[in-house]
Amino acid sequence: MIIVGIVTDNTALRNYPQLFKETGKLMSDYLSKYGFSITMINMGFTGLLSLGYVLLVGGKLNGPVTGAILVVIGFSAMGKHPKNVFPILLGVGIGAVTKIWNINDTSIILAALFGTSLAPLAGEFGFFVGLVASYIHLSVTVNVVSLHGGLNLYNNGFASGLVVAFLYPIIRTFSRRLNK
2 MIIVGIVTDN TALRNYPQLF KETGKLMSDY LSKYGFSITM INMGFTGLLS LGYVLLVGGK
62 LNGPVTGAIL VVIGFSAMGK HPKNVFPILL GVGIGAVTKI WNINDTSIIL AALFGTSLAP
122 LAGEFGFFVG LVASYIHLSV TVNVVSLHGG LNLYNNGFAS GLVVAFLYPI IRTFSRRLNK
């Protein structure tokens, strides 16, 4: 994808850092705003970051993990980029190391990859907020499965929604007070 982006526009790599200014909030349609080449480069780098995380923690590239990496790549055309995804991956990794879970378990790796749904939060409020949100996300993800009887196809999305619903008003309140 990175090569396709560079081949189709030799200025795309130079212009790619402009995309990092985006928070990732809806509607972040990178294809219409930055064009095909920069979007392809972003998808490639975000995919490499996701794959690198899995390999770094010693995870297995099984079907669910590969599918999750492809989901991250796909949504890299609509709001995700390495700058807002990295704090999420790091936060889940720190959470796994400091809590009772193994960082290389498939379920924890899926929590990290699908937890990148929190990327807009990191994009809007910064690295530290993304780190804290994903740290909390890990605990919520592994515990809310009992709320819906083990039918956990959408478990990470549900957990992300709970984390954002809890944190967003708190963050907005403190950010308003700090900006006064």
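When we follow my numbering, the leftmost residue of the sequence shown carries the number 2, and every step to the right adds one.
Note that CB positions come from ideal geometry on N, CA and C, so glycine has one too.
As assigned by DSSP and simplified to three states, the class of residue i
{"i": "residue 27", "result": "coil"}
{"i": "residue 61", "result": "coil"}
{"i": "residue 75", "result": "helix"}
{"i": "residue 94", "result": "helix"}
{"i": "residue 68", "result": "helix"}
{"i": "residue 104", "result": "coil"}
{"i": "residue 2", "result": "coil"}
{"i": "residue 81", "result": "coil"}
{"i": "residue 155", "result": "coil"}
{"i": "residue 36", "result": "coil"}
{"i": "residue 144", "result": "helix"}
{"i": "residue 12", "result": "coil"}
{"i": "residue 127", "result": "coil"}
Cβ neighbours of residue i in the same chain (closer than 6 Å, five flanking residues each side left out)
{"i": "residue 202", "result": "Lying outside 2 to 181, the shown extent of the chain, residue 202 is not represented and no answer is given."}
{"i": "residue 77", "result": "43, 44, 47"}
{"i": "residue 3", "result": "42, 45"}
{"i": "residue 84", "result": "21"}
{"i": "residue 35", "result": "20"}
With 16 other Cβ atoms within 10 Å as the buried cut-off, status of residue i
{"i": "residue 53", "result": "exposed"}
{"i": "residue 33", "result": "exposed"}
{"i": "residue 98", "result": "exposed"}
{"i": "residue 155", "result": "exposed"}
{"i": "residue 130", "result": "buried"}
Sequence-distant residues of the same chain with beta carbon closer than 8 Å to residue i, five excluded per side
{"i": "residue 111", "result": "65, 66, 69, 157"}
Integer Cβ distance of residue i from residue j, believed to fall under 8 Å
{"i": "residue 161", "j": "residue 116", "result": "7 Å"}
{"i": "residue 107", "j": "residue 60", "result": "7 Å"}
{"i": "residue 182", "j": "residue 132", "result": "This structure cannot speak to residue 182, because the chain is shown only from 2 to 181."}
{"i": "residue 145", "j": "residue 102", "result": "That belief does not hold up - the Cβ atoms of residue 145 and residue 102 are roughly 15 Å apart, past 8 Å."}
{"i": "residue 126", "j": "residue 172", "result": "5 Å"}
{"i": "residue 51", "j": "residue 73", "result": "5 Å"}
Same chain, Cβ closer than 7 Å to residue i, neighbours up to 5 away in sequence not counted
{"i": "residue 120", "result": "25, 80, 81, 85, 86, 89"}
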